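Position 119 of the sequence shown, counted from 1, bears residue number 119 in full-length UniProt numbering, the numbering being contiguous throughout.
Below is one structure, written out as structure tokens, with a few remarks after it.
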Amino acid sequence: RIGSATSLSSAVINTRLQELVRLFKERTEKVKEKLIDPDVTSDDESPVASPAAAPVPAPGGELEGDKPSGDDHYCEMLCCTFKHQPWLDRLKSYQFPSSIDPLTNLMYVLWLFFVVMAWNWNCWLIPVRWAFPYQTPANIHYWLLVDYLCDLIYLLDILIFQTRLQFVQGGDIITDKKAMKENYLRSQRFKMDVLCLLPLDFLYFKVGVNPLLRFPRCLKYMAFFEFNNRLEAILTKAYIYRVIRTTAYLLYSLHVNSCLYYWASAYEGLGSTTWVYDGEGNSYIRCYYWAVKTLITIGGLPDPKTLFEIVFQLLNYFTGVFAFSVMIGQMRDVVGAATAGQTYYRSCMDSTIKYMNFYKIPRTVQNRVKTWYEYTWHSQGMLDESELLVQLPDKMRLDIAIDVNYNIVSKVALFQGCDRQMIFDMLKRLRSVVYLPNDYVCKKGEIGREMYIIQAGQVQVLGGPDGKSVLVTLKAGSVFGEISLLAAGGGNRRTANVVAHGFANLFILEKKDLNEILVHYPESQKLLRKKAKKMLKSNNKPKDEKGGPGDALIIPPKAETPKLFKAALAATGRMGGKGPRGRLRWRLQELKAMQE
């Protein structure tokens with residue numbers, strides 16, 4: 001028992017001594033570092049915030065946060081109580097905005113959609129009601145109902161929306177109600193809006209309901225073009241809408257031509273000649289078929305007989321050739337703009353392949369270059385992101401870089417605690433590079449001038465005797481190469497091989513770019529210098545020094561017996577074991593056995 005108590009007390013004393021030695025070593029290192037670099041700040045931890053006070057229960061026994069607020073509305077159904085939104089009260093309390101931004105307000109784009117729908121009703125249906133016998137006394141009240149609903153939309157657009165549109169004057173965005181109204185009243189848009197609402201409908205009482213009296217409603221074409229611009233600005237694939245719009249132009253020209261052909265047939269008399277419409281079947285479909293054959297100049301049409309028919313057909317041919325050629329040219333431009341990026345990618349790839357074939361580059365290298373082109377294009381939609389942003393102002397490039405890269409860079413432990421503006425400046429210097437599978441990102445021993453941040457994919461750190469053993473796999477958000485970026489002198493050589501495992505997209509920050517940025521942020525420079533010294537010191541520390549505190553012994557092991565003394569003992573042994581030398585030799589052997 002006494003022996004066990006003694007060993008326990010000696011173990012406790014040994015542990016305590018080890019702790020004291022460790023504290024003294026840390027203090028010595030801090031003082032030494034302070035003497036070498038006076039800029040190093042202290043590592044004192046910030047005070048921990050006190051826990052918030054718990055909420056006090058109300059007299060009724062419930063917490064105040066558990067009480068339903070007075071604004072909540074409940075309805076009872078069967079045996080349950082459901083919470084419902086007070087949409088009716090919210091609708092009553094809704095206030096229309098005093099000013100509308102026409103460039104970014106989606107509500108205004110939605111309203112323009114309804115205005116354009118009303119405009120299309122007039123443009124498509126007025127010719128049909130004028131030429132074909134589709135408007136009859138039995139259904140005329142339906143036509144008039146939709147007509148005046150479209151007029152109401154026109155009127156609301158003038159009174160409510162157009163007078164609240166913001167505009168730019170002298171570089172300032174004007175939101176004053178009176179100024180916005182005066183700006184609209186002075187514009188060409190107001191004159192056209194008033195002209196398209198001319199009350200020619202009062203002539204119905206004298207000449208009857210003639211659809212041609214509503215022709216001024218088609219003059220609201222400025223709303224159509226504004227809607228096109230706003231819609232293309234918010235669509236991700238605007239070229240699809242452009243193709244649809246160009247097709248609609250072609251269909252509308254055929255629609256108008258079919259209406260004119262039926263009017264000419266009715267003027268000459270239905271079925272009077274072989275050229276006019278004979279009055280059989282669906283009148284609109286048959287006239288539309290004739291218009292398609294005429295505008296596209298397919299041929300096979302009956303020859304006109306009268307002078308009116310000849311003049312009409314000549315004008316129709318000339319108009320058809322002109323209109324169809326314009327539509328084909330516009331469609332070519334739309335498709336060319338939609339595939340401009342693909343055409344640029346293909347031309348770059350063809351030029352590179354031609355260059356490699358001219359210099360007889362090995363086939364394996366050519367395949368890797370082709371793979372890089374294909375993966376970069378399909379993953380990013382472009383070959384170089386910097387070319388896309390070069391035309392933008394510096395502030396807009398920074399906003400885009402923050403949205404794209406800040407979440408990744410802000411999680412890097414090396415830059416935590418640095419100036420936020422310094423990180424923003426660094427985001428603009430990052431360069432995106434794609435590595436193919438098994439590509440060496442960096443090799444051991446080479447001079448390091450960049451730091452890498454993994455955006456997507458994985459990289460493997462290789463080591464071992466053969467240099468091919470995978471030491472660790474780094475994933476998205478990891479950083480490597482920062483030691484070479486921050487070290488000076490001979491410490492900027494790579495310490496390991498890094499290979500891309502699959503396709504990897506990396507951000508690269510060059511050393512000269514970081515040095516240019518840190519000139520303007522001295523505090524961040526001191527912090528990064530301190531972190532770099534700690535990282536270099538931890539990497540250069542031997543493996544036995546990285547062991548746990550329990551591995552070290554306060555009393556070091558006995559030093560080995562000197563070789564000269566061993567020779568003397570051996571000579572004494574040959575002389576015999578008697579005398580003081582023999583006793584000394586026996587004693588030393590006993591101590592050596594105990595030590596082993």
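Glycine is no exception: its CB is placed at the ideal position from the N, C-alpha and C atoms.
Here the structure is a predicted model, which means the values were calculated and not measured.
Residue i classed as buried or exposed, judged by whether at least 16 other C-beta atoms fall within 10 angstroms
i: M396; result: exposed
i: T376; result: buried
i: V472; result: exposed
i: R332; result: exposed
i: H141; result: exposed
i: G320; result: buried
i: Q195; result: The residue you asked about is not Gln; residue 195 is Leu in the sequence shown. The residue is exposed, with fewer than 16 neighbouring Cβ atoms inside 10 Å.
i: N282; result: exposed
i: L145; result: exposed
i: R129; result: buried
i: I13; result: exposed
i: N183; result: buried
i: Y267; result: exposed
i: D513; result: buried
i: L315; result: exposed
i: L213; result: buried
i: L462; result: buried
i: F415; result: buried
i: N357; result: exposed
i: L430; result: buried
i: D101; result: exposed
Residue i in three-state terms, based on DSSP
i: H501; result: strand
i: G336; result: helix
i: E280; result: coil
i: L110; result: helix
i: L100; result: The displayed chain sequence assigns Ile, not Leu, to residue 100. If DSSP states are grouped into helix, strand and coil, I100 belongs with the strands.
i: V433; result: strand
i: L20; result: helix
i: I173; result: strand
i: K509; result: In the sequence as presented, Lys is not what sits at residue 509; that position holds Leu. Strand.
i: R493; result: strand
i: L212; result: helix
i: K531; result: helix
i: I517; result: helix
i: R186; result: coil
i: D403; result: helix
i: M382; result: coil
i: R350; result: Looking at the sequence itself, residue 350 is Asp, so the reference to Arg does not match. Note: D350 maps to helix in three-state DSSP.
i: D193; result: helix
i: Q342; result: helix
i: V390; result: coil
i: D419; result: coil
i: L236; result: The question names Leu, but residue 236 is Thr in the sequence shown. If DSSP states are grouped into helix, strand and coil, T236 belongs with coil.
i: V243; result: helix
i: Q525; result: helix
i: Y373; result: helix
Cβ separation of residue i and residue j, assumed to be a contact under 8 Å, to the nearest whole Å
i: K220; j: W372; result: K220 to W372, Cβ: 52 Å. No contact.
i: V499; j: Q460; result: 5 Å
i: S478; j: G448; result: S478 to G448, Cβ: 16 Å. No contact.
i: F215; j: I126; result: 6 Å
i: N122; j: R217; result: 4 Å
i: G502; j: P437; result: 5 Å
i: M327; j: Y249; result: 6 Å
i: R164; j: S93; result: R164 to S93, Cβ: 19 Å. No contact.
i: F324; j: L295; result: 6 Å
i: R494; j: K443; result: 6 Å
Residue i: CB within 8 Å of a non-hydrogen atom of the ligand ZN
i: G281; result: Although the ligand ZN was asked about, the structure shown includes no ligands whatsoever.
Pairs of beta-carbons, one from the stretch 220-237 and one from the stretch 177-187, closer than 8 Å: are there three or more?
no
At a cut of 8 Å, does the stretch 500-514 reach the stretch 445-455 through at least three beta carbon pairs?
yes
Any beta strand (DSSP E) of 3 or more consecutive residues that is wholly inside the stretch 438-486
440-442, 450-463 and 469-474
List, from N- to C-terminal side, the beta strand (DSSP E) runs of 3 residues or more that fit wholly inside the stretch 129-170.
167-169
Pairing CB atoms from the stretch 295-312 with CB atoms from the stretch 259-279, are three or more of them under 8 Å?
yes
Would you check if there are 3 or more beta carbon pairs closer than 8 Å linking the stretch 513-527 to the stretch 417-427?
yes
Ignoring anything shorter than 4 residues or poking outside the stretch 259-336, list the alpha helix (DSSP H) runs there in chain order.
283-295
Three or more C-beta pairs below 8 Å linking the stretch 146-157 and the stretch 108-122
yes
Check whether the stretch 191-209 touches the stretch 172-179, counting contact only when three or more Cβ pairs, one atom from each stretch, lie closer than 8 Å.
no
With contact counted as at least three CB pairs below 8 Å, one residue from each stretch, are the stretch 337-351 and the stretch 256-270 in contact?
no
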